[in-house]
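The structure appears right after this line, and notes come after that.
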Amino acid sequence: MSLLYSELQWLPRPPQGFSTLLKEAGNSSDSLGNTIWSLASFALDLNQLTKLAKVIGKAHSQRASLHPLVPFRLAILSNSTVDILVPALIASAARHGIALEVVQPSYDQVAQEALTPDSNVNSAKPDAVLFALDYRALPLKLSIADPEASSATVQGVLGYFQALRKGIKDNSNCLCIFQTFAAPVELLFGSLDRALPGTMRSLIDAINRELAAFVLDSGDVLLDVAGLAETVGLANWHNQQLWNMGKFSFSDEFIPLYSDHVARCVAATRGKSRKALVLDLDNTVWGGVIGDDGLEGIKIAQGDAQGEAHLAVQRLALDLRQRGIILAVSSKNTDSVAREPFEKHPEMLLKLDHIAVFQANWNDKASNIRAIAEELVLGLDALVFLDDNPVERDLVRKLLPQVAVPELPEDPAGYARTLSAAGYFEAIAFAAEDLKRASFYQDNAKRATLQKQVSGVDAYLASLDMTITFQPFDATSRARIVQLINKSNQYNLTTRRYTDPEIIDAENDPQVFTLQVRLADIFGDNGMISVVICRPAGVGVWEIDTWLMSCRVLGRKVEHMVLREIRKHAQAAGISKLTGVYKPTERNTLVVDHFARLGFSKVMQDAEGLTRWELLVEEANPENASMKVISKGFSGNLETLLT
Amino acid sequence: MDEPQIYARLAEIFQDVFDDESIEVTSHLSAKDVDGWDSLTHIRLMLTVERVFKIKFKTSEIGNLENVGDLVVLIRARA
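Here the protein sequences come in this chain order: X and U. All letters in the first sequence, in the order written, are residues 228 to 870 by the working numbering. All letters in the second sequence, in the order written, are residues 104 to 182 by the working numbering.
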């Protein structure tokens with residue numbers, strides 16, 4: 228059996244003396260949060276995860292700060308024993324930058340906990356509830372070859388999920404995470420079980436399909452346990468002995484894998500998925516060394532076993548780009564030599580057009596990766612670096628611990644699968660705009676070039692022929708709004724994260740002013756680039772609860788245009804004063820002067836650097852940038868079409 | 104594998120599972136002597152023993168151990 232999954236082989240092995248490192252975690256010169264994060268980043272087994280969770284638990288009980296780990300409270304409702312899982316979940320969450328607290332009610336109290344308003348789970352105010360159910364929790368009735376009865380069974384199960392979800396939504400209004408179901412191994416007929424309605428296998432197939440559709444529609448999160456079990460093999464996944472003995476839902480050898488997957492989902496709800504893939508070239512993207520072997524010597528052809536392994540890496544990179552992951556290159560090479568295969572080799576799938584930043588030079592890789600992050604205006608923790616060379620991997624891990632660097636197997640045949648198994652790009656929702664993101668970043672590079680040619684910023688901005696569109700939040704754009712709210716770190720004044728239901732509340736509340744902003748220019752449509760939420764805060768006052776903007780449109784005076792729009796609606800609503808807060812985080816120093824630049828006056832600053840600002844609406848005087856303004860979806864006279 | 108080797112391996116496993124480097128593993132050691140040796144930790148202990156010694160226990164064997172001496176007999180019979 229492949230150990231890639233059960234042993235998390237994309238992660239480096241823990242060093243000798245890992246237990247000692249754990250014991251000394253509190254004495255490190257680095258912050259406790261960072262130390263725990265780095266200790267969690269090894270391929271830990273169940274016992275090591277349990278010990279690390281103890282260190283985290285101790286920090287929690289002493290109320291020690293785990294910053295920069297982000298707090299998250301997860302309630303688990305399960306029909307199996309989760310006690311052995313909980314420490315593994317807590318430690319795995321730290322690997323993904325989350326300080327996890329688990330609310331764990333009594334065994335097998337799923338419906339009672341979900342439906343009772345003051346149950347343990349509902350009174351704990353969790354950020355999310357994980358329904359860690361397996362097939363034994365379902366009211367499944369065999370109804371062999373009876374399509375009507377089996378459809379009724381499936382609908383009954385879905386009804387049960389809907390009731391659970393409604394209980395949690397009514398009582399806790401938090402995110403629900405549902406799991407698909409790993410089918411048991413045992414069959415009645417054999418292959419026919421899959422085809423015949425009403426067998427266990429086809430019932431579970433149908434439930435998984437319906438559940439997936441339900442989750443996509445409801446805005447909840449899906450954890451594909453069925454897919455996980457299929458990946459490692461159902462016969463390995465299910466362990467009858469452990470179920471009989473301790474009501475463990477699946478084999479202990481997959482606890483680290485399962486926990487990592489839960490942690491990925493949780494981290495994705497907090498905007499912690501990675502956004503860009505940085506590729507080494509020699510022996511990663513192609514076989515051989517271009518500088519030594521030349522265009523004819525490198526292995527990249529179909530029909531060549533080694534070449535096909537590297538083509539698989541290219542295909543995966545290209546597919547990732549298609550779903551919105553940005554590609555970059557970091558290679559120790561002379562620039563023109565490194566570009567040659569992209570330009571001239573007929574078998575290359577990757578072309579220069581697909582690469583947003585191309586860094587081929589003789590500097591060390593850490594400096595190059597830092598330069599890539601800067602050019603893309605992304606944090607280092609948004610990057611994944613793929614390199615066949617263990618020395619380079621180690622160097623980047625040491626100097627830039629925020630960058631994810633997967634271990635790779637000796638044989639390039641396993642590169643693509645290993646990268647995929649690591650799940651760096653886990654997403655909980657998909658917005659159509661993701662499809663375009665990779666090319667946005669490339670167009671930005673073009674804009675930067677144009678900027679150098681046109682003299683004067685205003686002339687440059689005018690030459691972009693921009694159109695800005697303002698709308699209130701609406702159902703069509705909700706997925707993208709939620710995504711921006713949960714992903715934007717840099718141009719974000721308060722970094723408040725909201726879930727789907729919270730955004731629906733804001734949409735429907737007439738007291739709350741919401742704004743989604745889109746920007747188009749000569750290079751194309753940038754899509755949604757800014758989100759604002761203002762909430763009433765006393766008579767005639769709006770508090771700017773959320774103001775964020777995509778860094779792609781920095782320096783376009785968009786924020787001035789947004790303030791103009793806010794001013795218009797504030798005046799119409801009889802608002803005389805706007806107040807705002809800048810809450811500093813590790814990532815948002817970019818906007819420390821945001822309110823000052825827009826003419827707000829500072830009224831307060833606390834020891835942590837949090838500042839409060841206010842602006843009288845009648846004194847607001849934001850700049851008018853050269854762009855067309857469309858305002859739509861607002862009541863009557865507040866619409867503006869092409870002024 | 105002879106008994107001293109088995110005891111040495113078991114000592115490492117116990118220290119790992121119970122996160123306590125002071126545990127001394129003798130044939131008389133049993134659940135009542137060790138802090139945190141409850142039914143769940145017992146399963147985690149037995150799973151770790153199975154993995155390290157590359158053996159599999161029967162359900163009845165896992166439930167019927169009196170002390171470490173019993174466990175060593177079992178390991179010797181299998182390994």
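Glycine residues also receive a C-beta, built at the ideal position from the N, C-alpha and C atoms.
The region 543-557 of chain X makes no contact with the region 516-531 of chain X, as fewer than three CB pairs between them are under 8 angstroms.
Look at Y651(X) here: in three-state DSSP terms it is coil, with no helix or strand label. Excluding sequence positions up to five before and after D748(X), its CB lies within less than 7 angstroms of the CB of L691, D692, M693, all in the same chain and listed in chain order. When D608(X), G606(X), I582(X), D562(X) are compared, the shortest CA-CA separation from W589(X) is found for D562(X). In the DSSP assignment, G172(U) falls within the unbroken alpha helix (DSSP H) covering 171-181.
K161(U) has its alpha-carbon roughly 11 angstroms from the corresponding atom of L469(X). In the three-state reduction of the DSSP assignment, C778(X) falls in the helix class, which pools H, G and I.
Shortest Cα-Cα distance from E375(X) to any of K393(X), A433(X), A341(X) involves A433(X). Secondary-structure assignment with DSSP links N719(X) through a beta bridge to L775(X). Here H131(U) is exposed: its Cβ has fewer than 16 other Cβ atoms, across all protein chains shown, within 10 Å. Within the same chain, L367, K368, S370, L430 come within 7 angstroms of T380(X) by CB-CB distance, once the 5 residues on both sides are set aside. In the displayed model, Q698(X) falls within a strand according to three-state DSSP. A Cβ-Cβ separation of about 14 angstroms leaves P353(X) out of contact with V337(X) under the 8 angstroms criterion. Considering only beta carbons, the part of the region 448-481 of chain X lying closer than 7 angstroms to chain U consists of Q468, N471, M472, G473, D479, in chain order. In terms of Cα proximity to G807(X), the closest of K829(X), E792(X), N815(X) is K829(X). Distance between H537(X) and W513(X), taken at the CA atoms: about 5 angstroms. DSSP places G460(X) outside any beta strand (DSSP E), giving it a letter other than H or E. Chain-order list of chain X residues neighbouring R112(U): empty, with the shortest C-beta distance near 14 angstroms, by a criterion of under 9 angstroms. Residue nearest to L742(X) within the set Q717(X), T722(X), N713(X), F697(X) is F697(X) (criterion: CA-CA distance).
Under the Cβ criterion of 8 angstroms, R179(U) is not counted among the residues facing chain X. In terms of beta-carbon proximity, I165(U) lines the interface with chain X, with at least one pair separated by less than 8 angstroms. A contact is defined here as three or more CB-CB pairs under 8 angstroms, and the region 774-790 of chain X meets this definition with respect to the region 749-758 of chain X. In this structure the region 589-603 of chain X does not touch the region 572-579 of chain X; the number of beta carbon pairs closer than 8 angstroms is below three. Your pair L301(X) and A341(X) does not check out as a contact, with CB atoms roughly 15 angstroms apart and the cut at 8 angstroms. In chain order, R181, A182 place their CB closer than 6 angstroms to the CB of I158(U), counting only its own chain and leaving out the 5 sequence neighbours on each side. In the structure shown, the three-state DSSP call for E845(X) is helix. With a contact defined as Cβ atoms closer than 8 angstroms, S557(X) and V611(X) miss out at about 12 angstroms. In the three-state reduction of the DSSP assignment, Q331(X) falls in the coil class. R745(X): member of the beta strand (DSSP E) spanning 740-748, first to last residue. Around W840(X), the same chain offers G807, F822, F827, K829 as residues with beta carbons nearer than 6 angstroms, after the five sequence neighbours per side are excluded. According to DSSP, V516(X) shares a beta bridge with no other residue. Close partners of D138(U) in chain X (Cβ separation under 7 angstroms) are lacking, with about 13 angstroms as the shortest Cβ gap. Beta-carbon to beta-carbon, V584(X) and A555(X) are separated by about 4 angstroms, close enough to satisfy the 8 angstroms threshold. A direct Cα-to-Cα measurement between G324(X) and R814(X) gives close to 14 angstroms. Separation of the CB atoms of S500(X) and A654(X) is rounded to 6 angstroms, and the pair is thereby assigned contact status at 8 angstroms.
M472(X) sits in a helix when the DSSP states are folded into three classes.
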